[in-house]
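Protein chains in written order, with our numbering: chain X, 1 to 110; chain F, 1001 to 1110.
Cβ coordinates follow ideal geometry from the N, Cα and C atoms, glycine included.
Number of protein chains: 2
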Amino acid sequence: MEREEDFCPIHEAINLLQEKWVLHIVRALLEGEMGFNQLARAVGGVNPATLSHRLERLAALGVVEKEVLQAMPPRTRYRLTQAGRELESVIAAIEAWGKAYLKPAPDRRT
Amino acid sequence: MEREEDFCPIHEAINLLQEKWVLHIVRALLEGEMGFNQLARAVGGVNPATLSHRLERLAALGVVEKEVLQAMPPRTRYRLTQAGRELESVIAAIEAWGKAYLKPAPDRRT
């Protein structure tokens, strides 16, 4: 899948967004930049190692950027890049779909 | 998360769509209904047990419907329900984003 002629941006985008927590991370950061612990709480249930791994991947792809603030102890802030903010269209489409079609139904998990 | 007052349809929609292969399955079925093997090929790389599990979950949520055709041997067809077809807005947003922001870059996976 690495040769240029085989590259399908839609396939790659799906591969990225289906990584567990990625959509939750993007949704949280659309609310504004935040520190690691705040982001972990906003995402909910993710373990720190996994969150750190996902943030590194999103940074490598230019979706998230990390800023280390001069402080004692140093503080880290994460925010969406412009590419990341453009994922708002995806989150908005998911939001509209979820509101229209998903209902609370404890017994649907059969 | 099962009590009605805790139910967040966006959170639930993200949980569904971040399950590995679900977005690929929806994208494939947007092209038209297909049999199990054809769908497995279209999705690419999924093992049959996982695909079967995902299709059951999508059917339970009313996203996919399954038809068993009277034939020898019996043939099975899968298609999107109306709720499933409405996910086209999500796939379209992912497509637009991927085309705009993801480029072939073998060395970006560092």
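Other residues of its chain near residue i: CB distance less than 7 Å, five sequence neighbours each side excluded
| i | result |
| --- | --- |
| X:GLN65 | According to the sequence as given, residue 65 of chain X is Glu; it is not Gln. Closer than 7 Å at the Cβ level, and outside the excluded window around X:GLU65, lie ALA59, ARG79 and THR81. |
| F:PRO1048 | ALA1040 |
Beta-bridge pairing of residue i - partner residues as DSSP gives them
| i | result |
| --- | --- |
| X:MET34 | X:TYR78 |
| X:LYS66 | X:TYR78 |
Proximity test, Cβ basis, 9 Å: residue i and chain X
| i | result |
| --- | --- |
| F:GLN1018 | yes |
| F:TYR1078 | no |
| F:GLY1062 | yes |
| F:ARG1108 | Here the model assigns F:ARG1108 a pLDDT of 48, short of 50, so the residue's position is not dependable, and the following value carries that caveat. It does; some Cβ of chain X falls within 9 Å. |
| F:VAL1046 | no |
| F:LEU1051 | no |
| F:LEU1029 | no |
| F:PHE1036 | no |
| F:PRO1074 | no |
| F:LEU1058 | no |
Residue i (DSSP reduced to helix, strand or coil)
| i | result |
| --- | --- |
| F:LEU1102 | coil |
| X:LEU61 | coil |
| F:LEU1016 | helix |
| X:LEU51 | helix |
| F:GLU1086 | coil |
Rounded distance between the beta-carbons of residue j and residue i, thought under 8 Å
| i | j | result |
| --- | --- | --- |
| F:GLY1084 | F:LEU1029 | 7 Å |
Interface flag, residue i vs chain F, CB-CB below 9 Å
| i | result |
| --- | --- |
| X:LEU39 | no |
| X:GLU86 | yes |
| X:LEU55 | no |
Cβ neighbours of residue i in the same chain (closer than 6 Å, five flanking residues each side left out)
| i | result |
| --- | --- |
| X:GLU67 | ARG77 |
| F:VAL1026 | LEU1087 |
Cβ neighbours of residue i in the same chain (closer than 8 Å, five flanking residues each side left out)
| i | result |
| --- | --- |
| F:TRP1021 | VAL1043, VAL1046, THR1050, LEU1051 and ARG1054 |
| X:CYS19 | Reading off the sequence, residue 19 of chain X comes out as Glu, not Cys. Once the five neighbours on either side are set aside, the close Cβ partners of X:GLU19 are ARG54 and ARG57. |
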